[in-house]
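Numbering (the numbering used here), first residue to last: 52 to 386.
To start, the structure itself, in structure tokens.
Put into structure tokens, the structure is as follows:
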């Protein structure tokens, strides 16, 4: 097409009456094409893709390149068309194959994670059950008549039963979280009143273990948004860990107020978490090597649950730990 005229449209598309026939019986992407024809009045080079249905009612893909060259008062339009239907089919097939491979990889990862989870659950359940079974069998075989051991066996069985109950509760919690079924109830509440409840609930528990629990309140009354019950579970877990794994005596809960947030930290002056293990402490069932070698009970689910709860509050449970100095867990709440 050497000169732009009224004949531009029928010549470029299908020529004359053929265009009208195709518009009536073979619809195609005319809106895109008309856009290109308008653009050439204002631009010097454009490339675009459109499609049309051929006489066999099959989609054909066209790559259109138009260059506008102005010489004096004349405008020359250089147009090049490429039939790219086969290329488009290959591109779509490649995209489809890529999506299928990606989904296959995700399914394999999910299957592996599920198998690992079930293996861990079986192991964690088996330990307290076999222990309780051992004490009960000993009592049934005559130990119940020995006053020196029967009460001790019953106390140990009760302790392992409590651990089993905690494990089952944690399993239910983590399953609900990962299924997206964890129910949250967000309300504004007074932070200092909430911390006072924490102090009343856990101060005596810490003292029984030879620890001193100190809470640093904010200077004034501040309301924060959150699920009180869930947040109490998080802080309970962090305090419990600080009591169990801190050979020293100090545990602090520090509240700091900022412009739109309040930061809450649980800090101890214990041995700290080994640097190479910090990245794994929020994994399900993970316990550090030191903890596994100790006799301290634990499910390895507490921090995983706490992480999910804090993330549901739009925050992040961060950890800062230094060897022989201590560990601090922190998160923020919206005012």
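We put the CB at the ideal spot given by N, CA and C, even for glycine.
Assigned with DSSP and collapsed to three states, residue 373 falls in strand.
Three or more Cβ pairs drawn from the stretch 223 to 242 and the stretch 274 to 289 lie within less than 8 Å of each other, which places the two stretches in contact. Comparing alpha carbon positions, the residue from 377, 253, 210 and 215 closest to residue 264 is 253.
Taking 7 Å as the cut-off, the beta carbon of residue 194 is found closer than this to the beta carbon of residue 200. The alpha carbon of residue 284 has as its nearest neighbour, out of 217, 325 and 145, the alpha carbon of 217. For the options 367, 386, 362 and 385, the alpha carbon positioned closest to that of residue 231 is the one of 362.
In the DSSP assignment, residue 338 falls outside any beta strand (DSSP E), carrying neither H nor E. Contact annotation: residue 313 and residue 380 have beta-carbon atoms that are not nearer than 7 Å. Sequence-distant partners of residue 156 (beyond 5 residues in either direction) whose C-beta falls short of 8 Å from its own C-beta are missing from its chain. By the neighbour-count criterion, in which 16 or more other beta carbons inside 10 Å mark a residue as buried, residue 351 falls on the buried side.
Contact between residue 183 and residue 212 holds, with the beta-carbon distance rounding to 6 Å and staying under 8 Å. Per DSSP, residue 238 is not a residue of any alpha helix (DSSP H); the beta strand (DSSP E) it occupies stretches across 238 to 241. A direct Cα-to-Cα measurement between residue 300 and residue 176 gives close to 32 Å. Remark: C-beta atoms of residue 181 and residue 190 do not approach each other more closely than 7 Å. Note that the C-beta distance between residue 374 and residue 323 is below 7 Å. The Cβ atoms of residue 293 and residue 302 lie closer than 7 Å to each other. A residue is called buried once 16 or more other Cβ atoms fall within 10 Å of its Cβ, and residue 298, having fewer, is exposed. Burial state of residue 144 is exposed, judged by a 10 Å Cβ sphere holding fewer than 16 other Cβ atoms.
Within the same chain, no Cβ atom closer than 8 Å to the Cβ of residue 192 is found once the five residues on either side in sequence are excluded. Judged by their CB atoms, residue 383 and residue 366 are nearer to each other than the 7 Å cut-off.
Within the same chain, and ignoring the five residues on either side of residue 267 in sequence, the residues whose Cβ sits closer than 8 Å to its Cβ are 303, 304, 305 and 306.
If you ignore the 5 residues before and after residue 250, its C-beta comes within less than 6 Å of the C-beta of 266, all in its own chain and listed in chain order.
For residue 319, there is no enclosing alpha helix (DSSP H); the residue is found in the beta strand (DSSP E) stretching over 312 to 319. Looking at the DSSP output, residue 378 sits in a beta bridge with 372.
Non-local C-beta neighbours of residue 228 in its own chain, meaning closer than 6 Å and more than five positions away in sequence, comprise 359, ordered along the chain.
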